[in-house]
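K.L.:
In order, the protein sequence lines correspond to chains A and B. Position 368 (the first sequence) corresponds to 377 in the numbering used here; numbering is contiguous. Position 63 (the second sequence) corresponds to 1542 in the numbering used here; numbering is contiguous. Backbone N, C-alpha and C fix where the C-beta goes; we use that ideal spot for every residue, glycine too. Here the structure is a predicted model, which means the values were calculated and not measured. Before I ask anything, here is the structure I am working with.
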Amino acid sequence: MATDKIEFKKLEKVRYYIRDFFINGYKNKDVYKETENIGNSTFANRAKTIGFILNDIADFRIGSSSVYRIMFNQSSVSENPFHQVLKYKSAPESSMQRYFVILSALNKNRVHGVTANEIQYYLDGLDECYDEKDQHSIIATDLKKLLKKTIIRKSKSRYYINETTGLENILAGKSFQNMLSFYSEVSQFSVIGSFIQDKLVCDGGAKHSESVFKYKDRFISQTLDDAVKLDISQALKNNSFLKIKDDCGVKFICKPLCFFISCKTGREYVFYYNTEDSNFKSIRLDKISEITKCNSTVEFDAEQQMSNFYWCPPYIETDSNEHVECRIKIDKNEKDAYERLINEKRNAELENDGETVKLTVDTNDIKNTLFFLKSFTGRIIELECSNKNEQQSFIRDIDEALALYGE
Amino acid sequence: MEIFDEIYSNNFLAVTKILSMLSKSSLKGKDIQKILNEYNSTLMLSDLKALKLIDFIDGEYISGLECSCEIKRPFTDIEKAWLKAIISEEKIHLFLNDDELNDISELLKDVVPLFEKKDFRFFDKHTISDNYSDKNYILKFKNLIKAIHYRMFVYIELADSDTTPNSRRCIPYKLEYSCLDDAFRLIAFDYEYHSLMIFRLSEISKITLSSDLYNIPDENILEKFEEPQPVEIEVYNKRNAIERFMISFSNYHKETRFIKEKDCCITKIFFFKQDYESIIDNIVAFGPTVKILAPEFAVKDVVSKLKVQKNLFDAYQ
């Protein structure tokens, strides 16, 4: 095999370092090596991987002070480059070989199908790659996997290709191509749309033409968390419990209830019931490192909790509620500022008297709420918080920010 | 169900393509290498030989498989489930007519959708999104897709015709979708005034296709786009500001440098004129953890906002 190939066996680590490079736009080699406990060559390989995968949107440079810089220009691309990360799963050589032997045998014998023994015969032709003793059970496992993916079907002892020709034909139509082009960029699990497009082209369909669409305010790195999101989504569908391990190594058993996604920051959370402390909480998807299915049964009433959306999905650090009242100067002619307030107010109540708007909110994340209010700096006439420390800190921040500019 | 699976990988796609082509005729080494490159495959010709998937005979490559034939991988369970979820989406009528929707629904009738709308709750989303069930909206959308594909001129009539001419002849360039306000905008080139225009699709009352085709290359249209301007900001490594700042601006084109000596980073965010106010408001929200370095007008705007706010607080207290 090629020596410098870019392939990943598991996604966990890859998604962390790719996300870090992308979000921050730089990586300090010394700090990174220290926190990750890796050597020079591993760091260099990781940096090289980023440069390779994000080639279309990134200008990757090694700067002074051991700092790798990436300049991103995602506005120029219509296809999400992070989809590529999910297309570099490595496969053992023998497994790849068996896959193609099985698929070619099934494609060749579409009507009559083939038995496991016949597949074994075709593999025997490839001689020394196989240990005769284990071959039977290996083929059985491969076939089981393909059955699970519904690529093949079994009737009595024969295996057949699970025809999807009707679907292939219909998706080749122009309307469907536009549909795939759009949803492959903006839907949940958008990478699956990209897989479908790849398959259609590989089967001889027309190559993707230049998309008629352009995208704004999308968070392309969300794709890196799609595998985690899919596991949770399946648990939601099956009403089952999961064991989650976060990026600090903490494990807990929970029942996922729904996802909360911010359209402004791109942050994605799963809201869950924690069976260990009988609490409702949430965790960001990019903070989840591992998910395993588990059997558990606990009775609880989630309906009311799910509708209790305060300032943000509730999570461990910010489970105390505070009250905030703020009067903001917005003239009736300033449509944009008022619209932004309406769009981003979350659970706050607004009272508009034509010149000012009074915002009243109960929040479970006072810092985050005040951060939002700071984006109206220059307009805030009155501010009252139940948490006086945070209120004073808000006022102090204005002085400190002015001091930065020598004012 | 696995989303990270080798059967969707570039390598598997490339090998599928190569074996399918070899089932029809032999190939030269350079042709095989070309396919591997096209698919961004990390495999080399020698890898395929070592796996006995290909054989080298009389100066050309042939399939190494006994059952050489065109290989087609059927759709997987996850792909079908994703399609089933997509066709239940509210915007689907923009793309498919009733017959097309019935056809694909019939093919997927036994499939359980991969996800359901009720499982996802979006926040910070703008409250007024476009009405995707409106028949006129669907017609405008389909007309624009057709015009962009076939490079047709269109006539646009705006809903607010008091302030703008009734009908404009223009070249539709792209349909821009914003995830934040869940709306489409038309980016078009005004042929008469040689300028770019951006209209929210809901603000356009009618789109009429012209039988005239244009032959202006996209590059010439792109030239009309204004260059995004950079705003340069110093972000200090306190209150987790670097991570929060970078996540907040992760959807912008940016350049970042880490300054080890000052334990901060300097980042340039590239913005278009229409986004300037929003960017400045978001930067100010970071308070004393960030400082705008350039351009001068942005520094002045931020200082002015801070001074006004200080005076408002002084008056209040």
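1. How is valine 110(A) classed by DSSP in three states: helix, strand or coil?
2. Kindly indicate if chain B contains any beta-carbon less than 8 angstroms away from that of isoleucine 325(A).
3. Please list, in chain order, the residues of the stretch 1725–1745 of chain B that have any C-beta partner in chain A closer than 7 angstroms.
4. Kindly list the residues whose CB is nearer than 6 angstroms to the CB of tyrosine 347(A), restricted to its own chain and excluding five residues on each side of it in sequence; keep chain order.
5. Apply the 10 Å Cβ neighbour rule to lysine 264(A) and answer buried if 16 or more other Cβ atoms are within range, or exposed otherwise.
6. Taking a Cβ distance cut-off of 8 angstroms, strictly less, list which residues of the stretch 247–279 of chain A are near chain B, in chain order.
7. Taking Cβ to Cβ, would you say leucine 1637(B) is nearer than 8 angstroms to leucine 1654(B)?
8. Start and end of the alpha helix (DSSP H) containing histidine 1605(B)?
9. Select from the stretch 1784–1796 of chain B all residues with a C-beta closer than 9 angstroms to any C-beta belonging to chain A, and list them in chain order.
10. When the Cα atoms are used, what is the spatial distance from isoleucine 1748(B) to aspartate 151(A)?
11. So, at 8 angstroms on beta carbons, what are the nonlocal neighbours of lysine 18(A) in its own chain, with the 5 sequence-adjacent residues on each side left out?
12. Pop quiz: isoleucine 1566(B) and leucine 1586(B) are said to be a contact at Cβ under 8 angstroms. What is the actual Cβ separation, rounded to whole angstroms?
13. What does the Cβ neighbour count give for threonine 1768(B), buried or exposed, with the cut at 16 atoms within 10 Å?
14. Which full runs of the alpha helix (DSSP H) of 4+ residues lie inside the stretch 195–260 of chain A, going along the chain?
15. Please compile the residues from chain B whose C-beta is within a distance smaller than 8 angstroms of the C-beta of asparagine 187(A).
16. Please compile the residues from chain A whose C-beta is within a distance smaller than 7 angstroms of the C-beta of threonine 1606(B).
17. Please state whether DSSP places glutamate 399(A) in a helix, a strand or coil.
18. For lysine 252(A) and lysine 246(A), which I take to be in contact (beta-carbon distance under 8 angstroms), what is that distance rounded to the nearest angstrom?
19. Any beta carbon from chain B within less than 8 angstroms of valine 200(A)'s own beta carbon?
20. Under 8 angstroms, do valine 1787(B) and glycine 387(A) count as touching if we go by C-beta distance?
21. Just to confirm my understanding: we take threonine 369(A), look at its own chain, exclude 5 residues before and 5 after, and list those with CB closer than 6 angstroms. What are they?
22. Mind checking the stretch 403–415 of chain A against chain B and listing, in chain order, the residues whose C-beta falls within less than 8 angstroms of any C-beta there?
23. Could you work out which residue in Asp1661(B), Ile1557(B), Asn1576(B), Tyr1616(B) is closest to isoleucine 1486(B) when comparing CA atoms only?
24. Distance cutoff 8 angstroms, beta carbons only. Does proline 1767(B) sit that close to anything in chain A?
25. Is there a Cβ from chain A that is less than 8 angstroms from the Cβ of serine 1684(B)?
26. I need the DSSP call for alanine 53(A), collapsed to helix, strand or coil.
27. If you run the structure through DSSP and keep just helix, strand and coil, what is proline 1696(B)?
28. What ranges does the alpha helix (DSSP H) occupy inside the stretch 1675–1722 of chain B, keeping only unbroken runs of at least 4 residues that lie completely in it?
29. Sorted by chain position, which residues of the same chain lie with C-beta nearer than 7 angstroms to serine 166(A)'s C-beta, five sequence neighbours on each side aside?
30. Which bits of chain B does valine 110(A) rub up against, with CB to CB less than 7 angstroms?
31. Go to histidine 1628(B), then tell me how far its alpha helix (DSSP H) extends in each direction, as first and last residue.
32. Return the first residue and the last residue of the beta strand (DSSP E) that lysine 1797(B) is part of.
33. Of all the CB atoms in chain B, is at least one closer than 8 angstroms to the CB of isoleucine 27(A)?
34. Does the stretch 219–236 of chain A come close enough to the stretch 186–203 of chain A to have 3 or more Cβ pairs within less than 8 angstroms?
35. Counting contacts by CB-CB distance shorter than 8 angstroms, is cysteine 1658(B) in contact with chain A?
P.N.:
Answer, in terms of the structure:
1. helix
2. Below a pLDDT of 50, predicted positions are generally treated as unreliable, and isoleucine 325(A), at 43, falls in that range; the measurement from the model is reported next regardless. Closer than 8 angstroms: no.
3. Met1725, Ile1726, Ser1727, Ser1729, Asn1730, His1732, Lys1733, Glu1734, Thr1735, Arg1736, Phe1737, Lys1739, Cys1744
4. Ile339
5. buried
6. Cys267, Phe268, Phe269, Ile270, Ser271, Cys272, Lys273, Thr274, Gly275, Arg276
7. no
8. Taken as a continuous stretch (DSSP letters only), histidine 1605(B) belongs to no alpha helix (DSSP H), as it is neither H nor E.
9. Lys1784, Leu1785, Lys1786, Val1787, Gln1788, Lys1789, Leu1791, Phe1792, Ala1794, Tyr1795, Gln1796
10. 49 angstroms
11. Lys98, Ser99
12. Actually they do not touch by this definition, with Cβ atoms about 10 angstroms apart.
13. buried
14. 199–211, 235–247
15. Phe1574, Ile1624
16. Ile351, Asn352
17. helix
18. Lysine 252(A) to lysine 246(A), Cβ: 18 angstroms. No contact.
19. yes
20. yes
21. Glu334, Glu358
22. Ile404, Asp406, Ile407, Asp408, Glu409, Ala410, Leu411, Ala412, Leu413, Tyr414
23. Ile1557(B)
24. yes
25. no
26. helix
27. coil
28. 1697–1701
29. Thr124
30. Leu1544
31. 1614–1629
32. Coverage of chain B is limited to positions 1480 through 1796, which leaves residue 1797(B) absent and any answer about it impossible.
33. no
34. yes
35. yes
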